[in-house]
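Student: Residue 117, in my numbering, is where the sequence shown stops; the numbers in between run on with no holes.
Glycine is no exception: its CB is placed at the ideal position from the N, C-alpha and C atoms.
Please read these numbers as outputs of a predicted model, since none were measured by experiment.
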Amino acid sequence: MPTFTIFDDTRVHADTLDAAATLTQPSHVELYARAFDRLSQGAARGAAARSLMAGALASLD
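#1: How is aspartate 71 classed by DSSP in three states: helix, strand or coil?
#2: From aspartate 93 to glycine 111, what distance separates their C-alpha atoms?
#3: Provide the residue(s) that pair with threonine 78 in DSSP beta bridges, ordered along the chain.
#4: Of the choices Thr72, Pro82 and Leu73, whose alpha-carbon is the least far from that of threonine 66?
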């Protein structure tokens, strides 16, 4: 699964199954920042995240 790390507003490190790249072109950094914002909107936090994890653990029994 591809992953990425945003270091700041000037640099992103992206990993794929067979390559890695450090991106510094502003349009590329902005693309990843927008992707992070979209992913963050769907993330569970706090009590909701704990509840999801507890349910996942319970399903292993």
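Tutor: In short:
#1: strand
#2: Taking the straight line from one Cα to the other gives about 26 Å.
#3: Note: threonine 78 sits in a beta bridge opposite His69.
#4: Ranking Thr72, Pro82 and Leu73 by Cα distance to threonine 66 puts Pro82 first.
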